[in-house]
Amino acid sequence: MNILKTYKIYIGGQFPRTESGRYYLVKDTNGNPIANVCQSSKKDIRNAVQAARKAFGSWSERSAFNRGQILYRIAEMLDGRKAQFIEELTQQGQGLESAKKEIEMCIDRIVYYAGWCDKYQQILSSVNPVNSSHFNFSVAEPTGVVGILAAQHTGLIGLVSQLMPVIAGGNSAVLIASEQLPFCAITFAEVLETSDVPAGVVNILTGSAEEMLPTLAEHMDVNAIFLSNVHAEMEKNTQLSAIDNLKRVIVKNDEWTQDSTQGISFISSFQEIKTTWHPIEQIGGATSSY
Amino acid sequence: MTDSNNKWEYAPSLEGTSHIQLKEKYDLFIDGKWIKPSNNRYFDTINPATEEKLAEIAWASEDDVDLAVMAARKAYKEVWSVMKASERAKYIFRIARLMQEHAKELALIETLDGGKPIRESRDIDVPLACNHFFYYAGWADKLQDAFPQRNIQSLGVAGQIIPWNFPLLMAAWKIAPALAAGNTVVLKPAESTSLTALKLAEIIQASGLPAGVVNIVTGNGDTGAAIVNHPDIDKIAFTGSTAVGKLIQKSVVGTSKRVSLELGGKSANIVLEDAPIDQAVEGIVNGIFFNQGHVCCAGSRLYVQESIADEVVRKLKQRMQSLYVGNPLDKNTDIGAINSKEQLGTIEKYINIGINEGADMYQLECEIPSKGFFCRPTIFTNVAQSSVIAQEEIFGPVLTIQTFRTIDEVIQKANNSPYGLAAGVWTDKGSRIFNLTSKLRAGVIWANTYNKFDPASPFGGYKESGFGREGGLHGLEAYLK
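Protein chains in written order, with the working numbering: chain R, 1387 to 1676; chain P, 2 to 482.
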């Protein structure tokens, strides 16, 4: 007899059940029950935001090299557990070849963003030649806590493609997984947990986007929202809720399976530009012209 | 300490205004021509230092805005987006040069219409505005080099709404990058300070810029709303209050309009115990009293390390006594007129709140003109972090002073604000500067200086201070796909 697994959620480096005590049953294509999944609540969202805020400071201040090491470690751990992910995708009704392809693509995409961790800064930053005796430079800094609604039509590639540029850039994240395809999201949380990703940097919740997204969009301690493939009404409502604290709302309607669905623009969407000025002393007549 | 009764007296040194040319009545600049407003309504613009009327300004209706957007669309399609980029550059260079030739006149009109000291209009606002056009002109034919990783395209018609604190400079910040990136423009200056934008329209007309590429429509908030809500606008750029910024953001939800917002601030200016104190005091004064404190990035929250707080406050008070409040046309004047009666009311309201909250107020003891809108430079000590005057943007010459013991404490206090526009740090230790500047959540950080601006330097905020950058390479991004 099969074990009917209960998939728990991932908040602050822990795997609690939803505080609401609600679950939904996910069935296979033949209608047989496969697993119970947490129907997370608004309170779970708030707990996750709190954890993400707490983790943001130290994650954003880690060296870029270190973030790259950790992201690469995620790819290694995912590679090591490929079989489980492929099985979960097929359980949810995906063909075997397509499932294999999707997981390979996920691993490649994580490696791709691992490589970006200590490079995007040099592309996005500048030294600015101001018309006065100042040293002036602009650098990219992470926006803060990012709320992500993972593309609902994929089990993992959407989630990975949205999450990786956000954390590669030093943000922390609260992610709502695909409601109908939730298994890989939680198994991926186990991968994150064993890859030295600090507690709270990524928080993953399962359940109804309709129920949880408004709470995330309204939350005053969330700095940005990342949507993918949502219907117009949900996008509009999210945009309206985001106004209160001027969250940056990024919408990318992608299938996430093309090479064009990765790139530095996905990182820079969750970066702020900071410009710093400092005077340059000008005394005496010595010049550099020798 | 200098006795305040023993002040230096200056002989007035007034800048003459005889050679400036102002019309009695200004129409709307649409499609390269001066057009009367459709409802034939005009409003007065006054000199806030004397309350005397300077000119009448057209009040653009929705129909007028529609006309301006149509002109901008036509110019975009038929002329500006198909013109060779290097030719586009030459027009913008030409505008920069013409502005330089009119610099004196522009500075005087800026001071008359807005109340800022002539020294600031002459040495800061106008040169920076000219330089902004000069800087972006050169980008027009190098856009692909700016963003080699993508295939860049202009957006179309940009609707731009600017504030009254740096009228000409803000017009330059908006128009120059928009044109360089290949967009056409409908710009609305603030109601109380339309004149230099209209002078700029005359310059643009004289430059031979194709009709409709830049349209300038004057009016109040309704005119601005007509721009924001116009269906044929591709991009809204707004500088102003956070409250209005949020309204704009709300009205574009569900449309494909792109938005960039430069909004309010409550910026922390932090003085550490090893700072060069006399320089820091100059920086504090420049941070909060520059342009009567009508500066979105004003250093309005001062944090002084406890061990030097008494000395800094004493020296600050002493320095304040040598500030000269008065006629903005006087070259001795440090602090000119408050921009409008309404704004003076707002500032006075906050000063009263500060007093009622129990903070200790200190003001410069000085005569202020009996006519016009003036406010004495004001500082508050014994201010709580939760105090209204330490949290809300006042947009006037009002400083709150708090103390701190550790660097961790001041980072938390400084970041404890919904705003994130700017911050200042004063210390002699390099490693400490970088510790603070990297942890302060703000878009512009001045270390051992304050309120410096440059066309090459990106400017803009974190959090509720808005999004998008103006200035530098990053400033192009707001006007490109």
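Where a beta carbon is used, it is the ideal one built from N, C-alpha and C, also for glycine.
Please read these numbers as outputs of a predicted model, since none were measured by experiment.
Of all residues in the region 1515-1543 of chain R, only P1515, V1516, N1517, S1518, H1520, N1522, S1524 place a beta-carbon less than 7 angstroms from a beta-carbon of chain P. Residue environment for P149 (chain P): exposed (fewer than 16 other C-beta atoms within 10 angstroms of its C-beta). Residue pairing of A1441 (chain R) in beta bridges, as defined by DSSP: absent, with no partner found. For P1665 (chain R), the chain P residues whose C-beta falls within less than 7 angstroms of its own C-beta are N449, T450, listed in chain order. In this chain, E1483 (chain R) is not harboured by any beta strand (DSSP E); it is covered by the alpha helix (DSSP H) spanning 1482-1502. Relative to L1475 (chain R), the option among R:R1453, R:T1415, R:T1529, R:I1460 whose CA is nearest is R:T1415. At least one C-beta of chain P is nearer than 8 angstroms to the C-beta of I1650 (chain R).
Taking CB atoms only, Y463 (chain P) has a neighbour in chain R less than 8 angstroms away. Cα atoms of P398 (chain P) and Q386 (chain P): separation of roughly 19 angstroms, rounded to the nearest angstrom. Contact of A457 (chain P) with chain R by beta-carbon distance below 7 angstroms involves N1514, P1515, V1516.
The C-beta of N270 (chain P) comes no closer than 8 angstroms to any C-beta of chain R. Across the region 106-139 of chain P, CB contacts with chain R closer than 8 angstroms involve N132, in sequence order along the chain.
Taking a Cβ-Cβ threshold of 7 angstroms, the residues of chain P close to Q1625 (chain R) are V254, in chain order. Residue pairing by DSSP puts Y420 (chain P) in a beta bridge opposite P:K464.
Of the residues R:Y1410, R:K1505, R:I1431, R:G1398, the one whose Cα lies closest to the Cα of K1391 (chain R) is R:Y1410. Interface flag for F291 (chain P) against chain R is unset, since no Cβ pair is found closer than 8 angstroms. The beta-bridge partner set that DSSP reports for W140 (chain P) is empty. Residues of the region 1476-1506 of chain R whose Cβ lies closer than 7 angstroms to any Cβ of chain P: none. Y1506 (chain R) counts as buried, since at least 16 other C-beta atoms from the protein chains shown sit within 10 angstroms of its C-beta. Within the same chain, Cβ atoms closer than 6 angstroms to the Cβ of S1654 (chain R) are found at L1510, the five residues on either side in sequence being excluded. According to the DSSP assignment, F167 (chain P) belongs to no alpha helix (DSSP H), since it is labelled neither H nor E.
Only K1622, Q1625, L1626, I1629, N1631, L1632, R1634 from the region 1612-1637 of chain R bring a Cβ to less than 7 angstroms from some Cβ of chain P.
The beta carbon of G183 (chain P) sits closer than 6 angstroms to those of S82, S155, all from its chain and outside the five residues before and after it, given in chain order. Across the set R:A1554, R:N1522, R:V1516, R:L1549, the C-alpha of R:A1554 shows the shortest separation from the C-alpha of D1504 (chain R).
For E1658 (chain R), the neighbours in chain P by C-beta distance under 7 angstroms run, in chain order, G444, Y463. At least one C-beta of chain R is nearer than 8 angstroms to the C-beta of G467 (chain P). It is roughly 39 angstroms from the alpha-carbon of Q1400 (chain R) to the alpha-carbon of S261 (chain P). Counting the other CB atoms within 10 Å of its CB gives V1552 (chain R) a total of 16 or more, which places it among the buried residues.
Taking a cut-off of 8 angstroms on C-beta distances, the region 22-29 of chain P touches the region 217-227 of chain P, as three or more cross pairs fall below it. By the neighbour-count criterion, in which 16 or more other beta carbons inside 10 Å mark a residue as buried, E88 (chain P) falls on the exposed side. For T1662 (chain R), a Cβ of chain P is located within less than 8 angstroms of the residue's own Cβ. Secondary structure within the region 1398-1434 of chain R: the beta strand (DSSP E) runs of 3 or more consecutive residues, fully enclosed, are 1409-1413, 1419-1424 (chain order). At least one CB atom of chain R sits nearer than 8 angstroms to the CB of G473 (chain P). Within chain R, the residues I1659 have their CB atoms less than 7 angstroms from the CB of R470 (chain P), given in chain order. Restricting attention to R:A1628, R:K1660, R:I1659, R:N1615, the CA atom closest to the CA of D1640 (chain R) is found in R:N1615.
Judged by DSSP secondary structure, A12 (chain P) falls outside any beta strand (DSSP E); it is assigned neither H nor E.
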